[in-house]
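Protein chains in written order, with the working numbering: chain A, 3 to 169; chain B, 3 to 169.
Protein chains: 2
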Amino acid sequence: MTNGSPENIAVIERQGAFLDRDAWPAERWCRLETAFELIGTRSALVLLREVFYGSTRFDDLVRRAGLSEAVAAGRLKDLVACGVLSRRPYQEPGARTRFEYVLTDVGAQLFPVVVALMEWGELLRDDHQTGVELVHRDCGAVLHAEVHCAEGHEVALGAAAVRLKKG
Amino acid sequence: MTNGSPENIAVIERQGAFLDRDAWPAERWCRLETAFELIGTRSALVLLREVFYGSTRFDDLVRRAGLSEAVAAGRLKDLVACGVLSRRPYQEPGARTRFEYVLTDVGAQLFPVVVALMEWGELLRDDHQTGVELVHRDCGAVLHAEVHCAEGHEVALGAAAVRLKKG
């Protein structure tokens with residue numbers, strides 16, 4: 003039993019100074035909130051989905067994300083400003099220079115987030131026969147997100163702990 | 003080169019019928035959106051964070067999530083209604099019956115999402131000396147989210163593909 007939660011439901015064990023949860027307000031240091039501020043809107047998420055699926059051009063992104071041009075333009079600007087996407091000029095013959103949107107290195111590191119969210123969303127569906135699935139190109143097996151530690155162990159929720167960093 | 007994206011930026015390769023992205027509107031079958039509808043608000047995310055850190059009682063959740071009672075109450079109701087949390091009665095001596103909130107099995111399966119988001123949020127910070135870190139209880143090594151396929155291979159973004167399910 004940890005943290006007063008029931009024995010049959012695992013939680014992340016609080017350790018050290020973080021045992022006293024109330025001594026540590028989440029403001030300023032919560033990385034979940036930092037992440038959420040950047041990508042925690044439906045419009046950001048559906049645009050990122052299309053970028054991950056290989057769309058780069060504004061017209062494609064707008065149509066495939068199902069957003070209005072105004073909303074998409076504003077959100078793409080935000081995603082560029084925060085370093086998730088970069089904007090790159092291109093020019094087709096006889097046309098003016100336009101811009102396309104590509105993942106930065108930081109943006110590409112959202113890949114496990116995308117996989118984990120899609121995997122979890124699948125749990126919530128009644129119909130598992132339709133929709134898309136992410137697979138490994140080489141072997142065709144379905145992808146899923148796993149938690150590992152830096153020592154290489156696979157870690158279940160019940161084997162996880164949270165502690166304050168040694169500052 | 004895949005999907006018209008630049009050679010140096012990996013994306014998820016579209017395969018089969020999904021190569022024609024425009025033939026498949028995302029409405030109805032996008033699992034990312036399904037997930038986002040349930041947990042894609044700041045209030046849901048900070049409440050889930052505290053539940054994952056072992057808080058169960060309304061007063062603790064409100065204070066630690068930094069929300070107003072009204073917002074927290076509404077969001078907890080939503081999270082119970084969609085099956086992420088369950089509500090369980092408890093009673094302290096001399097007090098009326100109250101309810102605490104615990105993860106359901108579906109809620110507990112958000113663990114890789116939480117780890118992946120925290121890991122990504124860490125990338126965005128200037129100050130890596132403060133805040134909390136998730137670690138493996140057994141060996142103390144830091145946690146991270148990895149993408150694997152059902153055959154056990156670790157899969158990088160450049161080795162991932164997306165296809166329509168065979169309905």
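The C-beta atom is built at its ideal place from N, Cα and C for all residues, glycine as well.
*What residue does the alpha helix (DSSP H) around residue 114 (chain A) start on, and which one ends it?*
113-125
*Of the residues B:160, B:66, B:168, B:108, which one's Cα is nearest the Cα of residue 135 (chain A)?*
B:168
*asked:* Looking at chain A, is there any beta carbon in it that lies within less than 8 Å of the beta carbon of residue 36 (chain B)?
replied: yes
*asked:* Can you list, in chain order, the residues of its chain with a C-beta nearer than 8 Å to that of residue 128 (chain A)? Leave out the 5 residues immediately preceding and following it.
replied: none
*What residues are listed by DSSP as bridge partners for residue 52 (chain A)?*
According to DSSP, residue 52 (chain A) bridges with nothing at all.
_Close Cβ partners of residue 66 (chain A) (< 7 Å) along its chain, the five nearest in sequence each way excluded_ = 52, 57
*asked:* Can you tell me which residues form a DSSP beta bridge with residue 171 (chain B)?
replied: The shown model of chain B, from 3 to 169, leaves out residue 171 (chain B), and the question about it has no answer.
*For residue 105 (chain A), which residues from the same chain have a beta carbon less than 7 Å from its beta carbon, with the 5 sequence-adjacent residues on both sides left out?*
Answer for residue 105 (chain A): 53, 87, listed in chain order.
*Could you give the DSSP three-state label for residue 149 (chain A): helix, strand or coil?*
Residue 149 (chain A): strand per DSSP, three-state reduction.
*May I ask you to list, following chain order, the residues of the segment 56-67 of chain B that have a beta carbon less than 9 Å from some beta carbon of chain A?*
56, 57, 58, 59, 62, 65, 66, 67
*Label residue 133 (chain A) either buried or exposed according to how many other C-beta atoms from any shown protein chain fall within 10 Å of its C-beta, with 16 as the threshold for buried.*
buried
*Any C-beta of chain B sitting closer than 8 Å to the C-beta of residue 101 (chain A)?*
no
*Comparing the C-beta of residue 42 (chain B) with each C-beta of chain A, is any distance below 8 Å?*
True, the Cβ-Cβ gap to chain A drops below 8 Å.
_Residue nearest to residue 89 (chain A) in terms of C-alpha spacing, selected from A:81, A:83, A:102_ = For the residues A:81, A:83, A:102, the minimum Cα distance to residue 89 (chain A) belongs to A:102.
_8 Å Cβ cut-off: residues of chain A touching residue 140 (chain B)_ = 155, 161
_Helix, strand or coil, according to DSSP, for residue 89 (chain B) in the structure here?_
strand
*Using only alpha-carbon positions, find the residue among A:141, A:118, A:159 that is nearest to residue 41 (chain B).*
A:118
*Can you list, in chain order, the residues of its chain whose CB lies under 6 Å from that of residue 69 (chain B), leaving out five sequence neighbours each side?*
Once the five neighbours on either side are set aside, the close Cβ partners of residue 69 (chain B) are 45.
*Within the same chain, show all residues whose beta-carbon is closer than 7 Å to that of residue 23 (chain A), passing over the 5 residues directly before and after it, in chain order.*
16
*With a threshold of 16 other CB atoms inside 10 Å of the CB of residue 148 (chain B), please say whether the residue is buried or exposed.*
buried
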